[in-house]
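A.B. asks: Below: one structure in structure tokens.
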Amino acid sequence: MHNRIFDVTLNEKLGYMEDALLGFLAAISFGIVPDDAPSKSCAQDLLSFLLFFSVILLVLVQVMVLAIILSPLAIIYVLGIFMSGVISWWRLIEHDHGGNSDEKASNLAPALQILYYLALLQGVLFCYRFLLTLTEKKFSKTLVTEDSMATEDSEVQAVLYNYLRKTRRGCEKDPTFTQGRNLVTHAVDKIGSNSPVDCISGVKILYAAICMVERKNDWSNVHGQRMLIKHLVLSTSSSRHVLPKLLEMLDSRGLHDRKGRIQAAMIVERLAFYINLEQFPRSIQHISSLIGTFEQYSIAEPYPRSRDGYEQHLKLQVTRRRPSPAGELGKAYKELLLQGLSILRNLAADENNCRIMSDTRDLVCKIMAPVTCDLLDHTADDHGTWCEVVGRSMEVMSHLSGAQGETGAKLRREISSCAETIGTLLRILSCKNCKEELRQRAIWILARLYMDTNGINRSAGFHLLKNENSCCGEDFVGMLVNIFTRDNEYSSSIRGYAGEALSNICSLGGISDATTIIQTSGDVVDSLTQVLLHEENETCRQASAEILERLCTHYTKDDEYLHKLKKAILKVIGKILSCGDGTHNGEDIESQCDGTQENNEPDKDAQGFQVDTLSTMSSNLLSSLLCLCGTVYNTPLVVDLPPQLDASSFLNNLRDMVVKRSGPTVENLSVCKAAGNMVISMLKYYSGGFFKQEHFGSLIEALSSASENMLDLDYSVVCSSASSSEARSKLDRRTLVSLVREAKELHAMAPSTSLSG
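Shown next as structure tokens:
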């Protein structure tokens, strides 16, 4: 048994007194008042009057009894401890405990002092406890977040107050009451109970708990709380009914009002990443009701408490009159719509969930509805109040358009077949007032639709009517090229997204897309070269190097575009190989390779180019440049690189770079693979000539040492790439060890004499 300071609950004892009074009054009423209706005779009227007088008399007697007997008891129950403390304090001040003449009473004064001190201490503790109870309601209000609906919802505050009161009472009776319990566990227990009232209270408590933690913006606490909720809701066998109840609360045809649906939706949104729709039949129907029409949402409003309001609400449903979306109701509908789209976005991160979503009737159309209807106000700078809804819809579409296999092909066909959706995405892409996040999403979605190769004609479903003019996939590629090459009109982040999309399109599309890109305008290749050589943003430079590499691989038609591409590539290669070497210049190498002799005037376009040293260049950019070099030496596009092109200094610098970047990181592994592939291509192209053998040998040894350090990482990356249907390059599926082995074999077959110079 634990020591208990307060074993009596005052409210309970007072409640017993109140029940006694009400019970006595009910007994009098049922015992004296007859059950049959009174007649109209005078005798019966006189009898009724006498009975009523008797009731009044007995009630007065009961009130007197309460005033004389029970009222002092109530005062003692409420203020007894406080009164004993006051009396003890007074007695300690007076010190008149009686004389000490009697030897038997000599210890009376010390004993009374100890007794009074104990009573005084008990009174102080009682006052302290009383003051704490006064702060419960105020504390429950401060627990509720200030920037959410919980502040306006007095019911949430009442539920939190009841939780605090029950916790306090439990701790009074058992100090270990709170072990293993907190607000989240209490809420989950109530949701899983069989009582509908407890279930609703549990949802409100869990909603308030989530708001409290997320308001503080402490990611460690947020992550910890979500892991706890995930464990309690999804991993505990005792809580297997919690998630189905939460999902049922989302349904617009259910028994819950809009506040309950919004609160349940926010909880489900935090769990959606871990939900497998196959395990919960009809769950997708409940979730899809969150993004229903405004008429469906208004039906779920709580019924008015007044009779006139109830009849008006019933008349609205019978006549099916369209409600007005203005005011608080429209704001609440928008909030619920955002929560529904957020849940679908998190669910779409799983491939199986994408399949179920694609098989659900009209779900994809409902997801695309904000984009299809073009809810953006392009005349306003902020694009209207529904810009956030459009952005959330595009987030779901980006997940769906990136799905793999037949499910992804089906979803992309459904999205690309909607001309209004494609038109809105293109308008967002061309609108300079749109937020960058929206434009980035538009580039991602349109690029995925364009690159879909599962159909008979890849761009067959990409046609639409825009402003009464035909717009097709080639126009979209032209827009990307225009965005990427015009640095004075678009931000570097948007240009980086456009360049990455062009790189992926050119990589997966092959000859047709390479032709489309290079023939967009006459100066595409020159513009790409300028971006690579002069751009400050490394993301754009990396994208430009990747695009040029893929154009070298796929475009082989002998025409003026190939001649421009060849000239630009030789200029870039000259710049790369002269990195760190002052004896060579990219323009000289270009003129030598082109068979022409330039005048002595310097090239103004190249004066602003400053070659980065290999040690300071970022890993992603360096990897792209090395891949470009390897592709150039491994393709028949360049067949006349002159003997004067001595890259010995470049190879020495590259060797030093490999030594410094031999640590086991993904970025270093990518650079070393690109360097190994470039060495193989150069050895094959020159067959050991024009380069000193020891330069290759020291570089290959450095790559071999790096491959040993990154062996485990290398194998794990290759296994991950092999299990994915999308790999950015062939190097992703080759180990660094295999590249080093091939380089050693080619180097061993090279002639021992040096042909350099």
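Quick note: the sequence shown uses the numbering used here, first residue 154, plus one each step.
All C-beta atoms, glycine included, are put in the ideal place defined by N, C-alpha and C.
Everything numeric in this text was worked out from a predicted model, so none of it was measured.
Straight-line CA distance for L443 to Q449?
C.D. replies: Computed Cα separation, rounded: 9 Å.
A.B. asks: From L213 to F206, what does the alpha carbon distance come to, in whole angstroms?
C.D. replies: Going from the Cα of L213 to the Cα of F206 covers about 11 Å.
A.B. asks: Is S772 near V824, with beta carbons less than 8 Å apart?
C.D. replies: Yes, they are a contact pair.
A.B. asks: If I follow the unbroken alpha helix (DSSP H) through D809, where does it start and stop?
C.D. replies: Note, D809: alpha helix (DSSP H), S801 to K813.
A.B. asks: Where does the unbroken alpha helix (DSSP H) through S776 begin, and where does it stop?
C.D. replies: From DSSP, the alpha helix (DSSP H) with S776 extends over S772 to Y786.
A.B. asks: Once DSSP output is grouped into helix, strand and coil, what is the label at F433?
C.D. replies: Three-state result, F433: coil.
A.B. asks: Buried or exposed for W597, please, with buried defined as at least 16 other CB atoms from any protein chain shown within 10 angstroms of its CB.
C.D. replies: That one is buried.
A.B. asks: Should A425 and L399 be called a contact, given that it needs their Cβ atoms to be closer than 8 Å?
C.D. replies: Contact flag unset, no.
A.B. asks: Which runs of the alpha helix (DSSP H), 4 residues or longer, sit entirely within the stretch 672 to 704?
C.D. replies: With a minimum length of 4 residues, the continuous alpha helix (DSSP H) runs that stay inside the stretch 672 to 704 are 677 to 687.
A.B. asks: Here's the rule: buried if 16 or more other CB atoms are within 10 angstroms of the residue's CB, otherwise exposed. What is P263?
C.D. replies: With fewer than 16 other Cβ atoms within 10 Å, it is exposed.
A.B. asks: For T134, is the classification buried or exposed, using 16 other Cβ atoms within 10 angstroms of its Cβ as the cut-off for buried?
C.D. replies: Residue 134 lies beyond the residue range present for the chain, which begins at 154 and ends at 910; the question has no answer from this structure.
A.B. asks: Just verifying my parser: in three-state terms, what is the DSSP assignment at T331?
C.D. replies: T331 falls in the coil class under three-state DSSP.
A.B. asks: Can you check whether the CB of K487 is closer than 8 Å to the CB of V542?
C.D. replies: The answer is yes: Cβ separation under 8 Å.
A.B. asks: Where do the N-terminal and C-terminal ends of the alpha helix (DSSP H) with M380 fall, by residue?
C.D. replies: Run containing M380: W372 to K383, per the alpha helix (DSSP H) assignment.
A.B. asks: For M863, tell me which candidate among L836, S891 and L686 has the shortest Cα-Cα distance.
C.D. replies: Comparing Cα positions, the closest option is S891.
A.B. asks: Just reading off the alpha helix (DSSP H) that L718 is part of, what are its end residues?
C.D. replies: It spans E713 to L730 - the alpha helix (DSSP H) in which L718 sits, taken as one unbroken run.
A.B. asks: Report, in whole angstroms, the separation of the C-beta atoms of R703 and S656, which I expect to be a contact under 8 Å.
C.D. replies: R703 to S656, Cβ: 7 Å. Contact.
A.B. asks: Leaving aside the five residues before and after M550 along the sequence, list all residues of the same chain whose C-beta is less than 6 Å from its C-beta, in chain order.
C.D. replies: Contacts found: I598.
A.B. asks: May I have a chain-ordered list of the alpha helix (DSSP H) segments no shorter than 4 residues that lie completely inside the stretch 476 to 547?
C.D. replies: Whole alpha helix (DSSP H) segments, 4+ residues: 481 to 500, 504 to 512 and 516 to 525.
A.B. asks: DSSP on A855, reduced to helix/strand/coil?
C.D. replies: Helix, per DSSP.
A.B. asks: Using DSSP with H/G/I as helix, E/B as strand and the rest coil, what is T668?
C.D. replies: Correct three-state label for T668: helix.
A.B. asks: Cα separation between E573 and R580?
C.D. replies: E573 and R580: Cα-Cα distance of roughly 10 Å.
A.B. asks: Shortest alpha-carbon distance to A501 belongs to which of T525, I428 and V677?
C.D. replies: When only C-alpha atoms are compared, the closest one is I428.
A.B. asks: Check for me: the alpha helix (DSSP H) holding D111 runs from which residue to which?
C.D. replies: The question about residue 111 has no answer, for the chain in this structure spans 154 to 910.
A.B. asks: Please work out which residues of its chain come closer than 8 Å, Cβ to Cβ, to E431, disregarding the five sequence neighbours upstream and downstream, and give them in chain order.
C.D. replies: For E431, where only same-chain residues beyond five positions count, the Cβ hits under 8 Å are N505 and I509.
A.B. asks: By Cβ distance, which residues of its chain are closer than 8 Å to G445, with the 5 residues on each side in sequence left out?
C.D. replies: Answer for G445: S405 and K519, listed in chain order.
A.B. asks: Got a sec, what are the start and stop residues for the alpha helix (DSSP H) Y603 sits in?
C.D. replies: Where Y603 is concerned, the enclosing alpha helix (DSSP H) stretches over E589 to Y603.
A.B. asks: Is it right to say D865 is buried, meaning 16 or more other beta carbons lie within 10 angstroms of its own, or is it exposed?
C.D. replies: Flag for D865 reads exposed.
A.B. asks: In three-state terms, what does DSSP make of I209?
C.D. replies: Looking at I209 - three-state DSSP - the assignment turns out to be helix.
A.B. asks: Assuming contact is defined by CB atoms lying nearer than 8 Å, are T788 and C659 in contact in what I supplied?
C.D. replies: For T788 and C659, no; Cβs fall outside 8 Å.
A.B. asks: Leaving out five residues before and five after P523 in sequence, what residues of the same chain have Cβ atoms less than 6 Å from its Cβ?
C.D. replies: Within the same chain, P523 has close Cβ partners V542, V543 and S546.
A.B. asks: Are V678 and L718 touching if we call contact CB-CB under 8 Å?
C.D. replies: In this structure, L718 lies closer than 8 Å to V678 by Cβ.
A.B. asks: Return the chain-ordered list of same chain residues with a C-beta closer than 6 Å to the C-beta of L564, the five sequence neighbours on each side being excluded.
C.D. replies: Within the same chain, L564 has close Cβ partners S511, L553 and A556.
A.B. asks: Does D503 pass the burial test, meaning 16 or more other C-beta atoms within 10 Å, or should it be called exposed?
C.D. replies: Flag for D503 reads buried.
A.B. asks: So what does DSSP say about S390, is it helix, strand or coil?
C.D. replies: Here S390 sits in helix by DSSP.
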